[in-house]
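Protein chains in written order, with the numbering used here: chain A, 6 to 301; chain B, 66 to 291.
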Amino acid sequence: MEDDLIEIDVEKKLISASGILNLHIKTSLNFGELVVVFGDSGAGKTTLLRILAGLTEPDRGLIRVGNKVWFDSQASVNLRPQDRNIGFMFQDYALFPNMTVHQNIAFAQKDKDKNYANQLMDKFGLTEFANRKPTKLSGGQKQRVALARTLARKPDFLLLDEPLSALDMNMRTALQDEILKAHQFNKTTTLLVSHDLSEVFRLANKVLKIDQGIVTGKGSPDELFLNDKISGKVQITGTLVRIEKHDTFYLLTVITGTNQVIKVTAFQNDIENLHEGDQVLVFTKAFNPFIRKIKR
Amino acid sequence: MDTAFIETLWVTLKLATLTTLILLIIGIPVSYFMAYSKFRLKPILEALISMPLVLPPSVLGYYVLVAYSPRYWFGDLLSRFFNVHLAFSFEGVLIASVIFSLPFMIQPLQSGLRTLPDSFREASYTMGKSKIFTFFRVLLPNIKPSFITALALTFAHCIGEFGIVLMVGGSMPGETRVASIAIYDEVQSLNFDTANRYALILFAVSFATLILIYTINRKQESWKMI
Numbered sequence: 006m007e008d009d010l011i012e013i014d015v016e017k018k019l020i021s022a023s024g025i026l027n028l029h030i031k032t033s034l035n036f037g038e039l040v041v042v043f044g045d046s047g048a049g050k051t052t053l054l055r056i057l058a059g060l061t062e063p064d065r066g067l068i069r070v071g072n073k074v075w076f077d078s079q080a081s082v083n084l085r086p087q088d089r090n091i092g093f094m095f096q097d098y099a100l101f102p103n104m105t106v107h108q109n110i111a112f113a114q115k116d117k118d119k120n121y122a123n124q125l126m127d128k129f130g131l132t133e134f135a136n137r138k139p140t141k142l143s144g145g146q147k148q149r150v151a152l153a154r155t156l157a158r159k160p161d162f163l164l165l166d167e168p169l170s171a172l173d174m175n176m177r178t179a180l181q182d183e184i185l186k187a188h189q190f191n192k193t194t195t196l197l198v199s200h201d202l203s204e205v206f207r208l209a210n211k212v213l214k215i216d217q218g219i220v221t222g223k224g225s226p227d228e229l230f231l232n233d234k235i236s237g238k239v240q241i242t243g244t245l246v247r248i249e250k251h252d253t254f255y256l257l258t259v260i261t262g263t264n265q266v267i268k269v270t271a272f273q274n275d276i277e278n279l280h281e282g283d284q285v286l287v288f289t290k291a292f293n294p295f296i297r298k299i300k301r
Numbered sequence: 066m067d068t069a070f071i072e073t074l075w076v077t078l079k080l081a082t083l084t085t086l087i088l089l090i091i092g093i094p095v096s097y098f099m100a101y102s103k104f105r106l107k108p109i110l111e112a113l114i115s116m117p118l119v120l121p122p123s124v125l126g127y128y129v130l131v132a133y134s135p136r137y138w139f140g141d142l143l144s145r146f147f148n149v150h151l152a153f154s155f156e157g158v159l160i161a162s163v164i165f166s167l168p169f170m171i172q173p174l175q176s177g178l179r180t181l182p183d184s185f186r187e188a189s190y191t192m193g194k195s196k197i198f199t200f201f202r203v204l205l206p207n208i209k210p211s212f213i214t215a216l217a218l219t220f221a222h223c224i225g226e227f228g229i230v231l232m233v234g235g236s237m238p239g240e241t242r243v244a245s246i247a248i249y250d251e252v253q254s255l256n257f258d259t260a261n262r263y264a265l266i267l268f269a270v271s272f273a274t275l276i277l278i279y280t281i282n283r284k285q286e287s288w289k290m291i
């Protein structure tokens with residue numbers, strides 16, 4: 006039972022522009038899960054990922070992956086990043102400009118395996134760019150290379166730091182598929198940082214909610230973000246972008262994760278704690294929705 | 066062309082090449098340390114390395130001469146145990162020249178390394194690569210312009226060295242007489258013709274080196290990521 010558990014209990018004092026943050030993450034994850042680390046910026050999400058990768062050393066604590074101890078401040082154990090067999094995707098992708106796409110991917114491999122490198126490039130639609138340098142790629146292409154590269158070494162643990170933050174919505178949805186694909190590829194345990202709710206619902210088996218350096222919730226996206234009282238038939242998450250006042254009611258505009266615009270009417274008491282920019286849930290209870298195929 | 070002329074150019078070339086090679090070997094680890102270490106006394110080290118930029122060559126030359134003198138412990142040690150006398154020898158000039166050109170090698174390399182995002186190193190580590198492997202395969206190839214600038218500047222600066230060579234080496238033909246000193250000597254003896262030939266060659270070499278640097282740096286300008 007313990008063999009397929011990742012145990013994390015780490016503390017670190019962080020000093021940032023907004024003050025001192027005492028990061029204390031205590032949780033456990035199962036092997037093979039796709040966990041989205043969710044929280045506001047500055048909550049300590051990136052630091053958690055860096056700690057797991059061995060790039061940032063916690064002040065104290067313990068990290069155990071299966072029956073292997075990665076970090077134990079009491080026993081002075083701190084495995085180097087090189088010894089953790091992870092794939093880490095940086096926010097800036099960190100593609101090496103001196104190497105081509107293929108060379109970047111091959112560089113990450115433990116044992117040179119041309120077949121597997123080609124397979125990865127094929128999977129992420131990179132074959133035609135194989136001999137291009139990263140400076141000659143678009144943002145989305147770079148991101149795909151970075152993602153493929155993290156998989157090249159067949160890691161036990163995939164750490165993705167806001168992998169889709171810089172993309173427009175279409176590209177984002179496409180790459181969410183890639184990440185799901187990558188996860189299904191070999192069921193690698195994956196930790197992904199995001200502060201986009203639609204991404205959470207799209208990708209996560211489990212969500213780890215972090216607030217001010219502390220885990221404030223863990224569970225499926227439904228458990229964490231959907232109020233139990235709602236037994237809605239249709240539920241859509243999105244961002245509230247506009248509140249317009251009409252005579253007796255308000256018209257709210259919500260943009261969903263897939264960039265659909267939804268208009269919702271609301272009354273004074275509904276909008277009391279709503280603000281433009283809020284992440285919201287749009288749901289209906291009273292009627293049965295119909296479904297129709299529009300595209301295969 | 067007479068042999069003395071060729072000999073002087075040969076000494077000049079030998080001195081500049083050897084200085085550059087030695088500095089390359091010293092400069093790579095030192096600049097790596099200077100770029101990434103969080104050592105508390107680093108500013109002192111940095112200041113020491115940069116001293117030759119602001120110090121008159123005669124001051125540095127004076128101290129080097131004092132160090133070489135058998136009347137003090139370093140020179141005494143060398144002469145007693147190794148029978149080596151560095152003052153007014155090619156080797157003595159070479160060591161002084163290495164010290165004097167140190168900042169020209171270290172500074173471009175160090176600032177080149179610093180402009181690389183940390184994620185390059187870190188990404189390579191998470192891919193299981195050692196620090197040394199990362200340095201030679203990821204960091205160094207991505208600071209090629211700085212690398213070439215460091216090499217070319219060091220070389221060009223050595224070619225033009227005057228004060229320190231004169232202080233430490235004098236002007237012994239075939240041993241420590243370099244082109245820049247020869248020009249001075251020839252002018253003193255009113256041999257403007259020879260002086261002119263030396264001057265032209267030095268001008269051409271320095272100019273060519275700088276053109277090389279600027280051409281390469283222009284080609285690599287699109288270095289910014291993302």
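We treat Cβ as the ideally placed atom computed from N, Cα and C, and that holds for glycine.
message: Suppose you measure from the CA of B:S154 to the CA of B:M170; what does that come to, to the nearest Å?
response: 24 Å
task: Counting only the same chain and skipping the five closest in sequence on each side, list residues whose C-beta sits under 8 Å from that of A:S33.
output: L10, I11, E12, I13
- prompt: Near A:I267, which residues of its chain fall below 8 Å by C-beta distance, leaving aside the five closest residues on each side in sequence?
  reply: I241, G243, T258, V259, I260, T261, V287
- prompt: Any idea which residues DSSP pairs A:N35 with across the strands?
  reply: A:L10
- prompt: Can we count B:L277 as close to the ligand FMN, meaning its CB is less than 6 Å from some heavy atom?
  reply: Of the ligands one can find in the structure shown there are none, so the ligand FMN has no counterpart to examine.
- prompt: So, A:L202 versus A:Q265, is the Cβ gap smaller than 7 Å?
  reply: no
Check whether B:I213 and B:I164 have beta carbons under 7 Å apart: no
query: Just to confirm, are B:I13 and B:P122 a CB contact at a threshold of 7 Å?
result: Nothing about residue 13 of chain B can be read from this structure; chain B reaches only from 66 to 291.
- request: Kindly provide the ranges of any beta strand (DSSP E) runs that are 3 or more residues long and lie completely inside the segment 102-127 of chain A, ordered along the chain.
  value: none
- prompt: So who's on the other strand from A:H307, going by DSSP bridges?
  reply: An answer regarding residue 307 of chain A cannot be provided, because it is not within the stretch 6 to 301 covered by chain A.
field: Continuous alpha helix (DSSP H) assignments of at least 4 residues falling wholly in the segment 94-177 of chain B
entry: 107-119, 122-133, 138-142
- request: Measure how close the beta-carbons of A:T195 and A:L229 come, nearest whole angstrom, since I'm counting them as under 8 Å.
  value: Actually they do not touch by this definition, with Cβ atoms about 18 Å apart.
message: So, does the segment 98-115 of chain A touch the segment 183-190 of chain B, judging by three or more C-beta pairs under 8 Å?
response: yes
Residues of its chain near A:T132, where Cβ-Cβ distance is below 8 Å and the 5 sequence neighbours each way are ignored: N123, M126
- prompt: Using DSSP with H/G/I as helix, E/B as strand and the rest coil, what is A:M94?
  reply: strand
message: Which residues in chain B have a C-beta closer than 7 Å to the C-beta of A:N136? List them in chain order.
response: Neighbours of A:N136 on chain B: none; closest Cβ ~17 Å, over 7 Å.
message: Could you tell me the alpha carbon to alpha carbon distance between B:V149 and B:L143, rounded to whole angstroms?
response: 5 Å
message: Any C-beta of chain B within less than 7 Å: which residues of the segment 153-169 of chain A qualify?
response: R158
query: Would you report the Cα separation of B:I197 and B:L205, rounded to the nearest angstrom?
result: 10 Å
- prompt: Start and end of the beta strand (DSSP E) containing A:S199?
  reply: 194-199
query: Who are B:K209's beta bridge partners in DSSP?
result: Note: B:K209 sits in no beta bridge, so no partner.
- prompt: If you count every other CB in all the chains shown that lies within 10 Å of the CB of B:I109, and 16 or more means buried, which is it?
  reply: exposed
query: Given that A:K115 touches chain B, what residues does it touch there, using C-beta distances under 9 Å?
result: M192, G193
query: With 16 other CB atoms within 10 Å as the buried threshold, where does B:S184 fall?
result: buried
- prompt: Which one of A:D173, A:A48, A:G282, A:A271 has the shortest CA to CA distance from A:I25?
  reply: A:A48
- prompt: From A:I3 to A:R55, what does the alpha carbon distance come to, in whole angstroms?
  reply: Outside the shown range of chain A, which is 6 to 301, sits residue 3 of chain A, and nothing can be said about it.
task: Could you work out which residues of chain B lie near A:F129, taking near to mean beta carbons separated by less than 8 Å?
output: Simply none; closest approach about 17 Å.
- prompt: Which partner residues does A:T270 have in the DSSP bridge list?
  reply: A:L256
- request: Within its chain, find whatever has a CB closer than 6 Å to the CB of A:K31; leave out the 5 residues flanking it on each side and keep chain order.
  value: D14
query: Are three or more beta carbon pairs between the segment 102-121 of chain A and the segment 151-166 of chain A nearer than 8 Å?
result: yes
Start-to-end residues for the alpha helix (DSSP H) that takes in A:I276: No alpha helix (DSSP H) contains A:I276, which DSSP labels as neither H nor E.
field: One or two residues paired with A:T242 in a DSSP bridge
entry: A:L286
- prompt: Out of curiosity, what's the CA-to-CA distance linking B:T219 and B:D258?
  reply: 29 Å
Simplified DSSP assignment, three categories, for A:V42: strand
task: For A:N191, name the three-state secondary structure that DSSP assigns.
output: helix
query: Less than 7 Å separating the beta-carbons of B:A60 and B:S271?
result: Since the first and last residues shown for chain B are 66 and 291, residue 60 of chain B lies out of range.
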